[in-house]
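Undergrad: First residue of the sequence shown: 2, per my numbering; consecutive thereafter. Positions of the beta carbon are idealized from the N, C-alpha and C atoms, including for glycine.
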Amino acid sequence: MIITAIATLAVADIETKLKPVSPGAETGSLRWSPKGAQITLKKDGNNLVGSFSLGLKGSKQIQVQLSKTVDAKYFDHLSVDMNRDGMFSEDEVWKTTPNERTGKWWSSFATSDVPVPVNDHLARPYPISFWYVEDPLTPDAAPLLRWSRRGWHEGTVDIDGKPAYVLITEMVMDGQFDQRDAWFIARSRNDLLAALSRGMEDHAWLDGKAYRLTKIDPSGLTISFQSFDPGWTQAEEEANRDTLAPDKAARKAEKPVPFSHDYEAAMTRSSQEKKRVLIDFEATWCGPCKTMDELVYTAQDVVNAASGIVCVKVDGDERRDLTEKFNVGAYPTMILLDENGKEIGREVGYRSVNQMVAFLKKK
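Structural data, given as structure tokens:
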């Protein structure tokens, strides 16, 4: 695939051969991964079955089946048709012990290398983690098997007389590489794995010089890139791209917004004192929630704006009765209630210092 047609005779393409890498104790792991994909399942006797696509156009779909051992209450076996022959052999079955987390039962299966054909004679490993979540409170929910890629492709190449490390990985999980996916280059492997993702249509920096992709093999075994001048320096770009810079620079209060964690007590206090209520729905795994705790709820302007408001945090995983009551589907969700408990405002996702100040002024 050609990423861009722009090239000059003065700048040669740098071609790099890559190989698939699976996460592990010796190989490490990436800091980021794409949003999990879903496989819609349907009942087949006592089992759940489905299929998904992975690989180049024309590749056969991969069949999957969830099953239970005798007397098991939750699904503890996953069969994956790795060779795509329409059957499940003994070595295509994974076992797990379901675990309860926040009232839901999780069947999480070990990462497996699913073969993805490169051509008629060659396949490459594609590390996948599968998991199935069953909620006893919603027995009629559509069954979904979730999965995410865990691996990447990596290689080294000489740039300016020194080794450089190159990485590509999927952000759209379809088993083929194109401009929707991500890449990075670095001088050390540790820096490579620690870096944040860069879209393949975006450029990456190495030693203060910008590089852009020019070609990529859909199977991810080779890429080509070249240096170019974007018209600004790396430092200038990083400053412009730091969307959190204003919140990081905001004046900090001596104490953060005084959140309680008892919803019922907060509502009682609001009723007694005739005050508005800020409900912040969060989850322990929510990254934006933690960033708001660090940057937004510690800002003096937000603390001032929250003065006179009863503020309470609710763990959405623990209080699913409240997420249902308030129709919360993502975290963080901030809901502002008036003195009578009527909703007067709602914000979903990370909100900046200025955005939260404006939100808290609603009446």
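Considering only residues of the same chain and omitting the five flanking positions on each side of W107, which have a CB-CB separation below 7 Å?
TA: The residues are P99, N100, W132, V134.
Undergrad: So what does DSSP say about S225, is it helix, strand or coil?
TA: In this structure, S225 counts as strand in the three-state DSSP scheme.
Undergrad: Among residues of its own chain, excluding the 5 on either side of K163, which ones have a beta-carbon nearer than 8 Å to its beta-carbon?
TA: Same-chain partners within the cutoff: R188.
Undergrad: What does the Cβ neighbour count give for S308, buried or exposed, with the cut at 16 atoms within 10 Å?
TA: Exposed, by the Cβ-count rule.
Undergrad: Residues in the same chain with beta-carbon distance under 8 Å from I63, minus the five sequence neighbours each way, listed in chain order, please.
TA: Cβ neighbours of I63 beyond the five flanking positions: S52, F53, S54, L55, V81, D82, M83, R85, V115.
Undergrad: Please tell me whether I224 and V167 are closer than 9 Å, where the distance is taken between their beta carbons.
TA: Against a cut-off of 9 Å, the Cβ pair of V167 and I224 comes out as a contact.
Undergrad: Just how far apart, CA to CA, sit A6 and T215?
TA: With a pLDDT of only 45 at A6, under 50, the local geometry of the prediction cannot be trusted, and the value read off the model is given with reservation. About 7 Å.
Undergrad: Can you list, in chain order, the residues of its chain whose CB lies under 8 Å from that of A8, leaving out five sequence neighbours each side?
TA: Caution is warranted here: a pLDDT of 43 is assigned to A8, below 50, making its placement in the model unreliable, and the coordinate value is therefore given only provisionally. The answer, listed in chain order, is D14, T215, Q227.
Undergrad: Using 8 Å as the threshold, is the stretch 307-324 in touch with the stretch 252-264, meaning 3 or more CB pairs across them?
TA: Contact between the stretch 307-324 and the stretch 252-264 is present, because at least three Cβ pairs lie under 8 Å.
Undergrad: Return helix, strand or coil for P76, following the three-state DSSP convention.
TA: It is worth fixing the name first, because residue 76 is Phe in this sequence and not Pro. Coil at F76, not helix or strand.
Undergrad: Let me see if you follow: with CB-CB separation under 9 Å, is V258 close to chain D or not?
TA: In the structure shown, chain D does not exist; there is a single protein chain.
Undergrad: Measure the C-alpha to C-alpha separation of A236 and G350 and round it to an integer number of angstroms.
TA: Each residue's alpha carbon lies about 28 Å from the other.
Undergrad: Relative to the C-alpha of L222, which candidate in R32, T28, Y127 has its C-alpha closest?
TA: Comparing Cα-Cα distances from L222 to each of R32, T28, Y127, the minimum goes to Y127.
Undergrad: How long is the line joining the alpha carbons of V354 and L79, rounded to whole angstroms?
TA: Whole-angstrom Cα-Cα distance: 46 Å.
Undergrad: Which residues bound the alpha helix (DSSP H) around P137?
TA: Element bounds for P137: n/a, residue is neither H nor E.
Undergrad: What span of residues does the alpha helix (DSSP H) with E265 cover, start to end?
TA: Run containing E265: 264-274, per the alpha helix (DSSP H) assignment.
Undergrad: Beta carbon of W153, beta carbon of S130: below 9 Å?
TA: Contact flag unset, no.
Undergrad: Excluding sequence positions up to five away, which residues of its chain have a Cβ less than 6 Å from the Cβ of N47?
TA: Cβ neighbours of N47 beyond the five flanking positions: none.
Undergrad: What are the residues that DSSP puts in a beta bridge with P247?
TA: P247 is not bridged to any residue.
Undergrad: Under DSSP, the alpha helix (DSSP H) around D322 begins and ends at which residues?
TA: From DSSP, the alpha helix (DSSP H) with D322 extends over 321-326.
Undergrad: If distances are taken between C-alpha atoms only, which option among A165, E91, C287, G176 comes closest to S60?
TA: For the residues A165, E91, C287, G176, the minimum Cα distance to S60 belongs to G176.
Undergrad: Which residue spans inside the stretch 76-119 form an unbroken beta strand (DSSP E) run of at least 3?
TA: Listed in chain order, they are 78-81, 94-96, 100-102, 105-109, 113-118.
Undergrad: Could you pull the DSSP bridge partners for C312 from this structure?
TA: C312 pairs with L279.
Undergrad: Within 10 Å of its beta-carbon, does Q66 have 16 or more other beta-carbons around it, so buried, or fewer, so exposed?
TA: Label assigned to Q66: buried.
Undergrad: For E155, list the residues DSSP reports as bridge partners.
TA: Paired residues: K20, L168.
Undergrad: Are T254 and Q180 closer than 9 Å when you measure CB to CB?
TA: Correcting the residue type first, residue 254 is Ala in the shown sequence and not Thr. No, they are not a contact pair.
Undergrad: What is the DSSP secondary structure of A195, counted as helix, strand or coil?
TA: Three-state result, A195: helix.
Undergrad: Compute the beta-carbon to beta-carbon distance between L337 and R277, rounded to the nearest angstrom, for a pair I have assumed lies under 8 Å.
TA: So it is a contact: roughly 6 Å between Cβ atoms.
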